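Below is one structure; the comments refer to it alone.
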Amino acid sequence: MRIASALCVVAVAAFCFGLLVMGQEEMPMAMEEEGLGAGGPMPGWIMLDLSGLSTVLEAHGYAPFPTEGMFTMGGGGWGGLLKSWRFGGFGTGGETSSSVGNKAAVLSLGFGGFFLGYGLFSDEAYDVMVGTLIGGGGAELSLLDHRSESFDTAISNPPNTVLKRSFFTLEPQVSVAFTVLKWLSLRISGGYLVTFGGNWDQSGKELVGPPANFNAWMVQVMVSFGGKGDEEEQKETE
């Protein structure tokens, strides 16, 4: 789907942006304060409330969406100081589906943006950070009403409906990273996604419908490649 493809581009771009910021931050930090940077893949889980949308789908013969949430996959990177500001970018997304008989529904969700964080505590074993993601995203609802018997009937009686919407996002979060190796860590983050604006759109026609937003709690785990700068090594190279 187009949202899934766009999500891959967002995730890769965010990852590259984060690594670029990491490299830029480490240069001036060598003279003053120890820094760090990391990036990598980031699976997660978002607890979306799709009950309103499922109610409408059921009223028209579709199956409701699962209630347990949605698996997400993305990535990103960031860099900064141990106990100060950190900057980077992230992108993530996923999809959920339902089906009954010949009817099927698929909801895809993706978002990404600029990350601004602050290091609260950091030592050899773990690192604590708070921050927020500021950006945008989109959703796509694809409905299959019936299956066509032939090419002609697929054209004369189209079986698919596709609705899209876009929105701005904020995701305040707190995360803890556990060091595995000097260059590898696992960062577990918990946050709350807040989305603003955007009704459904069908080929330029605005349609008002549920959900009112995609606000939801999120949990993500990043496999982080990178690490902390070494003050002693930096001083020796001056």
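For the sequence shown, the residue numbers in this note's numbering are 1 to 238. All C-beta atoms, glycine included, are put in the ideal place defined by N, C-alpha and C. Predicted model only: the values in this text are computed from it and were never measured.
Residues near T169 by beta carbon distance below 8 angstroms, same chain, minus five either side: A distance below 8 angstroms between beta-carbons, with the five flanking residues on each side excluded, links T169 to the following residues of its chain, in chain order: F111, G113, L133, I134, G135, G136, G137, L193, V194, T195 and F196.
Does DSSP classify V65 as helix, strand or coil? The question names Val, but residue 65 is Phe in the sequence shown. Coil.
The alpha helix (DSSP H) spanning V56 covers which residue range? S51 to A59
Kindly give me the distance between the Cβ atoms of M239 and G76, rounded to whole angstroms, as I take these residues to be in contact under 8 angstroms. What the structure shows of the chain is the stretch from 1 to 238, and residue 239 is not part of that stretch, so it cannot be assessed.
Could you tell me the distance, in whole angstroms, from the CA atom of E58 to the CA atom of D49? Linking E58 to D49 through their CA atoms gives a straight-line distance of about 15 angstroms.
Check whether the region 113 to 127 and the region 173 to 191 touch, using three or more Cβ-Cβ pairs below 8 angstroms as the test. yes
Could you check whether S108 and S54 sit closer than 9 angstroms to each other, using their CB atoms as the reference points? No, the Cβ-Cβ distance between S54 and S108 is not below 9 angstroms.
Reducing DSSP to helix, strand and coil, say where D127 ends up. strand
Below 7 angstroms CB to CB, which residues in the same chain sit around E68 once its five sequence neighbours on both sides are set aside? none
When you compare the region 144 to 156 with the region 202 to 212, are there three or more beta-carbon pairs, one atom per stretch, that lie closer than 8 angstroms? no
Here's the rule: buried if 16 or more other CB atoms are within 10 angstroms of the residue's CB, otherwise exposed. What is E171? buried
Taking its Cβ as the centre, do 16 or more other Cβ atoms sit within 10 Å of K228, making it buried, or is it exposed? buried
Skipping 5 residues on each side, what residues in its chain have a beta carbon closer than 6 angstroms to that of G204? none
Does DSSP put S156 in a helix, in a strand, or in coil? helix
Roughly how many angstroms lie between the CA atoms of L184 and W78, to the nearest whole one? W78 has its alpha-carbon roughly 14 angstroms from the corresponding atom of L184.
Put F151 into one of helix, strand or coil per three-state DSSP. helix
Mind listing, in chain order, the continuous alpha helix (DSSP H) runs of no fewer than 4 residues lying wholly within the region 73 to 129? Within the region 73 to 129, no alpha helix (DSSP H) run of at least 4 residues lies entirely inside it.
Would you grab the beta carbon distance between F90 and F71 for me? Rounded to a whole angstrom, and I think it's under 8 angstroms. Wrong, their Cβ atoms sit about 16 angstroms apart, outside the cutoff.
Under a Cβ-count criterion, where at least 16 other Cβ atoms within 10 Å of its own Cβ denotes burial, should T161 be classed as buried or exposed? It counts as exposed.
Contact belief for G131 with S84 at Cβ below 8 angstroms, rounded distance in angstroms: So it is not a contact: roughly 12 angstroms between Cβ atoms.
What is the DSSP secondary structure of G209, counted as helix, strand or coil? coil
Within its chain, find whatever has a CB closer than 6 angstroms to the CB of L163; leave out the 5 residues flanking it on each side and keep chain order. Excluding sequence neighbours, L163 sits near L141, W200 and Q202.
List the whole-angstrom C-beta distance separating G39 from F225, where the pair is believed to meet the contact cut-off of C-beta under 8 angstroms. Distance from G39 to F225 at the Cβ level is roughly 6 angstroms; contact confirmed, criterion being Cβ atoms closer than 8 angstroms.
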